[in-house]
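Per our numbering: the sequence shown = residues 48 to 250.
Accompanying notes for the structure given below.
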Amino acid sequence: MSIRHGLLALLDQGPRYGYQLRTEFEARTGATWPLNVGQVYTTLGRLERDGLVVPDGADEEGHVFYAVTDKGRAELRSWFDTPVPRTNPPRDELAIKLAMAVTVPGVDVTAVVQGQRRHSMKALQDYTRLKGQALTSQESGSDLAWLLVLEQLIFQTEAEIRWLDHCETRLAQYRPAAPAAPSEAAEPDPEPAPPRARRRARF
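Right under this line is the structure:
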């Protein structure tokens with residue numbers, strides 16, 4: 048997730064200070080990716096360093112506003128126009144956990160899969176309930192943004208459950224290779240018989 052570009056998108060609509068950016072970011076994503084104010088200001092500092100935003104005055108309480116620059120707008124448009132690459136997919140903790148579980152002796156991998164499926168089913172039910180609520184209150188672009196995020200979470204969780212079903216099937220079909228039988232020690236060659244004494248020739 049690009050916090051950098053998310054903040055640029057908000058600043059493209061007008062100057063804002065850190066706490067406003069945090070509040071609006073979480074409102075549009077339904078707090079799916081919560082931010083802290085320190086994270087926001089750290090990102091703003093990097094954006095300012097790169098010439099994408101500039102300070103734009105302060106209010107009576109000392110809140111410093113930031114405004115997007117032309118370079119920042121160009122960066123934002125490039126982000127919108129460029130597909131998200133899949134060449135470096137994000138690390139998925141569940142995939143890593145199962146990959147490790149099947150290689151560690153003593154781990155009940157089937158139990159791990161079933162426990163995760165129960166958790167994912169509960170999350171899917173929660174997301175579906177929230178989607179129903181969101182559908183009844185579409186009054187602004189923020190509501191639509193939250194609905195799109197929710198539906199992405201629903202599709203993602205459904206795909207995870209299907210993958211877990213596949214993992215359980217794969218585990219049931221797995222037959223580890225039998226360990227190779229130890230090779231039998233070669234029997235030692237019999238000791239050669241002692242040579243027979245030669246008979247003396249009779250004359």
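For every residue, glycine included, the Cβ atom is placed at its ideal position computed from N, Cα and C.
By DSSP's criteria, residue i is part of a beta bridge. Which residues make up the other side?
i	result
Q105	In the sequence on display, residue 105 carries Ala and not Gln. Answer is V111, bridged to A105.
V100	V115
R63	Y113
Within its chain, find whatever has a CB closer than 8 Å to the CB of residue i; leave out the 5 residues flanking it on each side and keep chain order.
i	result
S184	D190
R165	none
What's the C-alpha gap between residue i and residue j?
i	j	result
D128	T150	42 Å
P223	P152	13 Å
H52	W193	17 Å
Q60	F202	30 Å
L58	R124	13 Å
L182	W80	21 Å
T90	V154	41 Å
A219	R138	26 Å
T116	V101	7 Å
R133	L200	18 Å
V87	Q163	33 Å
R176	A105	41 Å
E207	L82	25 Å
E107	K118	29 Å
E215	R69	41 Å
V159	E140	13 Å
G85	Y221	48 Å
Suppose the cutoff is 7 Å on Cβ atoms and the five residues either side in sequence are ignored; what does the same chain contact list for residue i look like?
i	result
T204	S167, A170, L171, Y174
D103	P62, F112, Y113, A114
F250	Confidence at F250 is low in this model, with a pLDDT of 42, below 50, so its placement is unreliable and no value can be given for it.
E122	L55, L99
For residue i, collect the residues of the same chain with a Cβ closer than 6 Å to its Cβ; drop the 5 residues on either side in sequence, then sort them by chain order.
i	result
H110	Y64
T76	V196
A74	S189
E71	L57
Would you call the segment 209-222 and the segment 144-158 in contact, with 3 or more CB pairs under 8 Å? yes
With a floor of 4 residues, list each alpha helix (DSSP H) that falls wholly inside the segment 158-231, ordered by position along the chain. Complete alpha helix (DSSP H) runs here, min 4: 188-220.
Note down, one range per segment and in chain order, each alpha helix (DSSP H) of at least 4 residues found wholly within the segment 62-93. 65-76
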